[in-house]
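There are 2 protein chains.
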Amino acid sequence: MSSERTYHHGDLRRAVLTAALDVIRTEGPGALSLRDLARRAGVSHAAPAHHFKDRTGLLTAIAAEGYGLFADALADAPDLRERGVRYVRFATGHPAHFQVMFQPELYRADDSELLAARARAAQALRAGVGGLPAAGRGDDARLAGVAAWSLAHGFATLLLSGNLSDPLGDRNPEEVFRSLTGLLFTTPESS
Amino acid sequence: MSSERTYHHGDLRRAVLTAALDVIRTEGPGALSLRDLARRAGVSHAAPAHHFKDRTGLLTAIAAEGYGLFADALADAPDLRERGVRYVRFATGHPAHFQVMFQPELYRADDSELLAARARAAQALRAGVGGLPAAGRGDDARLAGVAAWSLAHGFATLLLSGNLSDPLGDRNPEEVFRSLTGLLFTTPESS
DNA sequence: GCGGAATCTAGTCATTGACAAGTTCGCGGG
DNA sequence: CCCGCGAACTTGTCAATGACTAGATTCCGC
Chain A
67 MSSERTYHHG
77 DLRRAVLTAA
87 LDVIRTEGPG
97 ALSLRDLARR
107 AGVSHAAPAH
117 HFKDRTGLLT
127 AIAAEGYGLF
137 ADALADAPDL
147 RERGVRYVRF
157 ATGHPAHFQV
167 MFQPELYRAD
177 DSELLAARAR
187 AAQALRAGVG
197 GLPAAGRGDD
207 ARLAGVAAWS
217 LAHGFATLLL
227 SGNLSDPLGD
237 RNPEEVFRSL
247 TGLLFTTPES
257 S
Chain B
67 MSSERTYHHG
77 DLRRAVLTAA
87 LDVIRTEGPG
97 ALSLRDLARR
107 AGVSHAAPAH
117 HFKDRTGLLT
127 AIAAEGYGLF
137 ADALADAPDL
147 RERGVRYVRF
157 ATGHPAHFQV
167 MFQPELYRAD
177 DSELLAARAR
187 AAQALRAGVG
197 GLPAAGRGDD
207 ARLAGVAAWS
217 LAHGFATLLL
227 SGNLSDPLGD
237 RNPEEVFRSL
247 TGLLFTTPES
257 S
């Protein structure tokens with residue numbers, strides 16, 4: 067598969083995606099170059115365009131894939147705290163996807179495939195807000211949801227930008243986040 | 067000042083910075099083009115390079131300026147909650163600065179001017195963590211600081227990426243954030 | 001008003017994204 | 001068997017950009 071020198075690559079789309087995720091993770095989305103990705107895959111400079119149309123198309127595909135993986139990761143979490151932990155775990159496990167997903171100016175937000183995956187993720191995210199301690203109903207519940215989301219998202223974002231390596235040291239980020247939720251959402255009856 | 071057609075621009079550095087902030091705010095850092103900024107300022111295509119060396123230099127200058135403004139904004143906040151509110155206010159008031167500051171791969175993190183401003187901001191940020199309700203001392207205090215930072219940062223980030231326009235509607239983000247802190251850090255004696 | 005330094009201009013080169021046109025390959029119908 | 005059709009990939013090209021160099025103009029201290 068890797069040593070074949072055929073005219074057709076075999077799975078160029080995935081190869082380009084994987085290489086792109088690698089570049090984004092280490093150097094950021096700004097360092098993405100379609101021609102560089104083509105070189106890495108051993109194909110001509112215009113080959114990637116056949117699968118992704120253009121640079122924005124590639125980033126759109128990454129965002130869509132990211133939302134899909136995100137929805138899967140959040141799907142079967144037992145409670146809200148665990149959902150938050152998985153939020154953080156996704157960010158550390160798929161940093162490139164995560165980074166692109168939350169920079170809408172990088173991709174085409176009206177892409178249909180992306181919208182579908184995004185909707186799935188949004189539903190998985192909202193599903194666990196009900197069991198919040200401070201949440202009665204209506205406005206307070208929505209606020210509590212925003213609070214939980216902000217906490218998880220902020221932690222994940224600060225983690226990826228390297229801003230927590232100092233205070234956290236070598237501790238497991240997920241465990242630290244679990245402790246965090248214990249500090250804030252102090253609820254004796256949380257299952 | 068604006069209609070002068072002299073050889074020297076007068077304040078090209080600021081003009082380029084302002085134009086750059088405008089581009090970043092509306093189209094993201096990826097849309098930055100030194101040549102485009104030069105055109106907007108009415109100078110030759112290589113003029114900006116004299117002030118910022120290269121594209122990364124411009125972004126470094128923006129990050130450094132951002133950290134300076136950030137430190138000023140947080141400086142004289144009465145309590146931790148208000149510091150959080152100002153964190154959010156800074157993000158909405160200086161979205162371009164904020165966006166660049168927290169994407170270290172965009173600039174030179176070892177720049178001396180940037181490091182100085184960043185240190186000032188870090189001190190201003192840490193100064194208000196002491197008065198936390200759940201914070202005893204040592205480990206718990208540090209965790210509580212990370213929690214507060216995560217909450218503010220996550221809220222600000224989600225806000226800038228457009229992810230809160232739905233749940234918030236047309237409500238004032240700062241006020242919503244104030245309510246959030248009331249939901250989480252419920253402390254009767256907080257001034 | 002002189003000389004050096006800061007500011008800006010003009011020209012060039014390698015790289016990139018985007019597009020157009022042509023080539024090779026896989027595959028199913030006849 | 002082979003034929004044709006579409007998908008996958010290549011080659012060639014163009015405008016735009018970042019970065020660099022050399023040179024022109026202006027400012028400012030003395």
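Chains as they are written, first to last, in my numbering: chain A, 67 to 257; chain B, 67 to 257. Note that CB positions come from ideal geometry on N, CA and C, so glycine has one too.
The alpha helix (DSSP H) with residue i in it runs from where to where?
{"i": "GLU241 of chain A", "result": "239-250"}
{"i": "TYR133 of chain B", "result": "121-141"}
{"i": "GLN169 of chain B", "result": "Element bounds for GLN169 of chain B: n/a, residue is neither H nor E."}
{"i": "GLY33 of chain B", "result": "Residue 33 of chain B cannot be examined here, being either before or after the span of chain B that is shown, 67 to 257."}
{"i": "SER216 of chain A", "result": "205-226"}
{"i": "HIS111 of chain A", "result": "Premise fails: HIS111 of chain A is in no alpha helix (DSSP H) and is neither H nor E."}
Would residue i pass as a contact of residue j if the rule is Cβ separation under 8 Å?
{"i": "ALA129 of chain B", "j": "LEU78 of chain B", "result": "no"}
{"i": "THR158 of chain A", "j": "THR223 of chain B", "result": "no"}
{"i": "PHE164 of chain A", "j": "LEU226 of chain A", "result": "yes"}
{"i": "GLY220 of chain B", "j": "HIS75 of chain A", "result": "no"}
{"i": "ALA139 of chain B", "j": "ARG152 of chain B", "result": "yes"}
{"i": "ALA190 of chain A", "j": "ALA137 of chain A", "result": "yes"}
{"i": "PHE243 of chain A", "j": "GLY150 of chain A", "result": "yes"}
{"i": "PRO233 of chain B", "j": "VAL212 of chain A", "result": "yes"}
{"i": "LEU250 of chain A", "j": "LEU124 of chain B", "result": "no"}
{"i": "PRO170 of chain B", "j": "GLY228 of chain A", "result": "yes"}
Distance check for residue j and residue i, CA to CA, integer angstroms please.
{"i": "ALA183 of chain B", "j": "THR126 of chain B", "result": "12 Å"}
{"i": "SER178 of chain A", "j": "GLY134 of chain A", "result": "13 Å"}
{"i": "VAL166 of chain B", "j": "PRO95 of chain B", "result": "7 Å"}
{"i": "ASP102 of chain A", "j": "ASP88 of chain B", "result": "30 Å"}
{"i": "ALA86 of chain A", "j": "ARG121 of chain B", "result": "22 Å"}
{"i": "ALA113 of chain A", "j": "LEU98 of chain B", "result": "27 Å"}
{"i": "ASP176 of chain B", "j": "PHE118 of chain B", "result": "15 Å"}
{"i": "ARG155 of chain A", "j": "VAL109 of chain B", "result": "48 Å"}
{"i": "ALA201 of chain B", "j": "HIS111 of chain A", "result": "Residue placement at ALA201 of chain B cannot be trusted, given a pLDDT of 48 that sits under 50; the coordinates are not used to answer."}
{"i": "TRP215 of chain B", "j": "ARG208 of chain B", "result": "11 Å"}
{"i": "LEU172 of chain A", "j": "ILE90 of chain A", "result": "12 Å"}
{"i": "GLY248 of chain A", "j": "ASP206 of chain B", "result": "11 Å"}
{"i": "ALA115 of chain A", "j": "SER245 of chain B", "result": "48 Å"}
{"i": "LEU230 of chain B", "j": "GLU240 of chain B", "result": "12 Å"}
{"i": "ARG237 of chain B", "j": "ALA210 of chain A", "result": "16 Å"}
{"i": "ALA188 of chain B", "j": "THR72 of chain A", "result": "55 Å"}
{"i": "THR92 of chain A", "j": "ARG106 of chain A", "result": "15 Å"}
{"i": "ALA143 of chain A", "j": "HIS160 of chain B", "result": "37 Å"}
{"i": "GLU148 of chain A", "j": "ALA185 of chain A", "result": "21 Å"}
{"i": "LEU217 of chain B", "j": "ALA104 of chain B", "result": "39 Å"}
{"i": "ARG80 of chain B", "j": "ARG80 of chain A", "result": "44 Å"}
{"i": "THR84 of chain A", "j": "ALA141 of chain B", "result": "44 Å"}
{"i": "LEU146 of chain A", "j": "LEU100 of chain B", "result": "46 Å"}
{"i": "ARG174 of chain B", "j": "ARG174 of chain A", "result": "29 Å"}
Tell me whether residue i sits in a helix, a strand or coil according to DSSP, three-state version.
{"i": "ALA193 of chain A", "result": "coil"}
{"i": "ALA201 of chain B", "result": "Its pLDDT being 48, under 50, ALA201 of chain B is placed unreliably by the model, and the measurement read from it follows with that caveat. Coil, per DSSP."}
{"i": "GLY76 of chain A", "result": "coil"}
{"i": "ALA175 of chain B", "result": "coil"}
{"i": "LEU230 of chain A", "result": "coil"}
{"i": "TYR96 of chain B", "result": "Residue 96 of chain B is actually Gly in this sequence, not Tyr. GLY96 of chain B falls in the helix class under three-state DSSP."}
{"i": "ASP236 of chain A", "result": "coil"}
Output needed in chain order: residues of the segment 73-99 of chain A with a Cβ under 8 Å from some Cβ in chain B. GLU93, GLY94, PRO95, GLY96 and ALA97
If the cut-off is 8 Å on Cβ atoms, which residues from the segment 156-173 of chain B count as contacting chain A, listed in chain order? PHE168, GLN169, PRO170, GLU171 and LEU172
Tell me which residues of the segment 207-220 of chain B have at least one Cβ-Cβ distance to chain A shorter than 8 Å, keeping chain order. ARG208, LEU209, ALA210, GLY211, VAL212, ALA213, TRP215, SER216, LEU217, ALA218, HIS219 and GLY220
Members of the segment 221-236 of chain A near chain B, C-beta cut-off 7 Å: PHE221, THR223, LEU224, SER227, GLY228, LEU230 and PRO233
Residues from the segment 236-247 of chain A in contact with chain B, defined by Cβ distance under 8 Å: VAL242, SER245 and LEU246
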